[in-house]
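Enquirer:
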Amino acid sequence: MTRGDTALPVRLDRDSTVPLAVQLADALRESAATGHLRGGDRLPSTRALADRLGVSRTVTSAAYEQLHAEGWILGRHGSGTYVTTSPPAARPERRGFVTNDEAPSDLLVLTPGVPWADGLDRAAWRRAWRAAADTPPATYLYRSGLADYRAAVAEHLLRHRGLDAGTDSVLATGGTTSAVVELASAVLRPGDLVAVEEPGYQRAVQAFRRAGMRVVPVPIDAEGLRPDALPGGVRAVYCSPAHQYPMGCRMSAARRVELVERARAENFLVVEDDYDGELRYDVAPLPLLASLAPDVVVHLGTTSKILTPTLGAGWMVAPPSVTTTILDYRELTGTRPSPAGQRVVVELARHGDLGRHLRRLRRELSERRSMLVGALKKAGVPVLGDDAGAHLVVPLASPEDERERLASGKRRGLLLDGLGRHFARTPTAFGVAVGYAGCSREALRESLWVLVDLLRPRPR
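Numbering follows the UniProt record's numbering, in which position 294 of the sequence shown is assigned residue number 294; successive positions increment by one, without gaps.
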């Protein structure tokens, strides 16, 4: 038996900067979450509610549309709109890793670089760890990494990245950052000039600086790092051509050729950080720098973004002279990557679970990307870097605007990232970077209305 239209305790503040439709959706959602509205309660029609509240029907229709998309209400043809009998949780699932390595907070984490760890098949995950634990304890840790792991990585690179490296060319690492630290400590020398993308990955910048390198930022544009802006005398160039961090652009084919040709001519190394390299949407694959010039390119990859940072497992494919120097460094210092995570990756690959997870990951993030980009563009929000990877960028005009929107996001329950902190020098571009892998799809969907309102262009 259905009940008649339910009285709604809704008060709208016309002096607030929060749009009326957002206020209305928030109020109805809160009423359903606290039990004032119960499953089966019929809501007024959008026209009747608009008349009751003294607002336009556009406001009530937008609020109902958002609540319907989130699963709080449903419409019955010819009967009206009702509160669902099994509404979603009152609060979105706040899962993810905050950027400063503190414990997870109650904020919904929408920062770049957080993987879709919830998508890992738990049965496959447990099976891989059990199999890894069944391996007898080792009496010697191989400097180059476990042979089975290196073979699994070589197969992964060939199948998913088009790089025919071969097992002997692969070195295990503890991840991208640890590999950069090794390169800076073993291959480069204090005083060497190292070029980095600007803006770019500041952990790599700090690794080079702490090892005594002279770091020179090089500008990027829509086609990635600009080889024509490289200074003379560089010893190495660090870049992320697949999905530039944080701007999200892909290095064009012409730029890739130009960069490696200059590296050969001027005898410097190109460090290729394959950040988000396995993820692309609606665009053709471009050749890896390591495929174009294996003699001058050091290719770095990691399982942290496609699986989880828990494993601490990455890889390096480098020219023989670099590989030999790294192995000598490990022998002298006693440092080498832990085999535990490597064994888990081997087991995931052995049973096909790694490949299945990557296919699910691409499909899941493609759908999330479409949902997010569609909502932002519908509201007139400009978007950059959305054709690859697991984050996109909304450009802004000033540092004040960036700071205000990040702070507003925190007040409204969202942890986002700004572009300003990714510059080695004075920031020259501003905006908000939005990651969409580190939370559940339901939480992302529930946050869309707030996210769009937060990022929409504001009148000047």
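Just so you know, even glycine gets a beta-carbon here, dropped at the ideal spot from N, CA and C.
#1: Which two residues bound the contiguous beta strand (DSSP E) that contains T302?
#2: For T308 and Y436, I'd like the C-alpha separation in whole angstroms.
#3: Using beta-carbon positions only, say whether A207 and T177 come within less than 9 Å of one another.
#4: So for I73, helix, strand or coil by DSSP?
#5: Terminal residues of the continuous beta strand (DSSP E) containing R214?
#6: In three-state terms, what does DSSP make of A90?
#7: Is the separation between the beta-carbon of P399 and that of G380 shorter than 9 Å?
#8: What residue does the alpha helix (DSSP H) around M251 start on, and which one ends it?
#9: Using alpha carbons as the reference points, say which of D276, T84, L300 and A349 lies closest to S366.
#10: Measure the C-alpha to C-alpha separation of V98 and H243 and round it to an integer number of angstroms.
#11: Can you check whether the CB of A229 is closer than 9 Å to the CB of V218?
#12: For the pair the region 319–326 and the region 336–349, tell me if three or more CB-CB distances fall below 8 Å.
#13: Going by C-alpha to C-alpha distance, which of L448, R250, P44 and R150 sits closest to G385?
#14: Using the Cβ count rule (16 or more neighbours within 10 Å means buried), how would you classify P246?
#15: Could you pull the DSSP bridge partners for V394 from this structure?
#16: Going by beta carbon distance, what residues of the same chain come within less than 8 Å of G191, once the five residues before and after it are set aside?
#17: Here's the rule: buried if 16 or more other CB atoms are within 10 angstroms of the residue's CB, otherwise exposed. What is A236?
#18: Along the alpha helix (DSSP H) that carries E402, what are the first and last residues, could you check?
#19: Give a yes or no on whether the C-beta atoms belonging to L292 and D273 are separated by under 9 Å.
#20: Spell out the partners DSSP gives D417 in its beta bridges.
#21: Can you tell me the Cβ-Cβ gap for L361 and W116, rounded? I've got them flagged as a contact below 8 Å.
#22: Can you find the residues in the same chain that come closer than 8 Å, C-beta to C-beta, to L279, ignoring five residues on each side of it along the sequence?
Expert: According to the structure shown:
#1: The residue you call residue 302 lines up with position 302 of the sequence shown. In the DSSP annotation of this structure, the continuous segment of the beta strand (DSSP E) that includes T302 starts and ends at V297 to T302.
#2: Numbered from 1 along the sequence shown, position 308 holds the residue referred to as residue 308. Numbered from 1 along the sequence shown, position 436 holds the residue referred to as residue 436. T308 and Y436: Cα-Cα distance of roughly 15 Å.
#3: As a first step, residue 207 must be located in the sequence shown, where it is residue number 207. As a first step, residue 177 must be located in the sequence shown, where it is residue number 177. It is a contact, given that the beta carbons lie within the stated cut-off.
#4: By one-based count along the sequence shown, residue 73 stands at place 73. Shown here, I73 sits in a strand according to DSSP, grouped into three states.
#5: Counting from 1 along the sequence shown, the entry for residue 214 is found at position 214. That run of the beta strand (DSSP E) goes R214 to D221.
#6: Counting from 1 along the sequence shown, the entry for residue 90 is found at position 90. Caution is warranted here: a pLDDT of 41 is assigned to A90, below 50, making its placement in the model unreliable, and the coordinate value is therefore given only provisionally. Residue state, collapsed to three classes: coil.
#7: Taking the first residue of the sequence shown as 1, we reach residue 399 at position 399. Taking the first residue of the sequence shown as 1, we reach residue 380 at position 380. The beta carbons of P399 and G380 sit no closer together than 9 Å.
#8: Start at 1 with the first residue of the sequence shown, and residue 251 comes out as number 251. No alpha helix (DSSP H) contains M251, which DSSP labels as neither H nor E.
#9: For the purposes of this step, residue 366 is taken as residue 366 along the sequence shown, with counting starting at 1. Here the closest residue by C-alpha is D276.
#10: Position 98 of the sequence shown, counted from the first residue, corresponds to residue 98. Position 243 of the sequence shown, counted from the first residue, corresponds to residue 243. Residue placement at V98 cannot be trusted, given a pLDDT of 40 that sits under 50; what the coordinates show is reported in the next sentence. When rounded, the distance between both Cα atoms is 21 Å.
#11: Locating residue 218 in the sequence shown gives position 218, counting from the first residue. Locating residue 229 in the sequence shown gives position 229, counting from the first residue. In contact: V218 and A229 (Cβ atoms closer than 9 Å).
#12: no
#13: As a position in the sequence shown, residue 385 is number 385, starting the count at 1. Measuring from the Cα of G385, the nearest candidate turns out to be R250.
#14: Locating residue 246 in the sequence shown gives position 246, counting from the first residue. With at least 16 other beta carbons inside 10 angstroms of its own, P246 counts as buried.
#15: As a working mapping, residue 394 is identified with position 394 in the sequence shown. Per DSSP, V432.
#16: Taking the sequence shown and counting its residues from 1, one reaches residue 191 at position 191. Excluding residues within five positions, the ones whose Cβ falls inside 8 Å are G212, M213 and R214.
#17: Working through the sequence shown from its first residue, we reach residue 236 at position 236. Buried.
#18: On the sequence shown, residue 402 is found 402 positions in, with the first residue counted as 1. From DSSP, the alpha helix (DSSP H) with E402 extends over P399 to R411.
#19: Within the sequence shown, numbered from 1, the residue matching residue 292 stands at position 292. Within the sequence shown, numbered from 1, the residue matching residue 273 stands at position 273. It is not a contact, given that the beta carbons lie outside the stated cut-off.
#20: Position 417 of the sequence shown, counting from 1, holds the residue named residue 417. According to DSSP, D417 bridges with A433.
#21: Taking the first residue of the sequence shown as position 1, residue 361 is located at position 361. Taking the first residue of the sequence shown as position 1, residue 116 is located at position 116. Right, the Cβ-Cβ distance comes to about 6 Å (below 8 Å), so this counts as a contact.
#22: On the sequence shown, residue 279 is found 279 positions in, with the first residue counted as 1. Cβ neighbours of L279 within its own chain (closer than 8 Å, five residues either side excluded): H243, L361, R362, L365, A388, G389 and A390.
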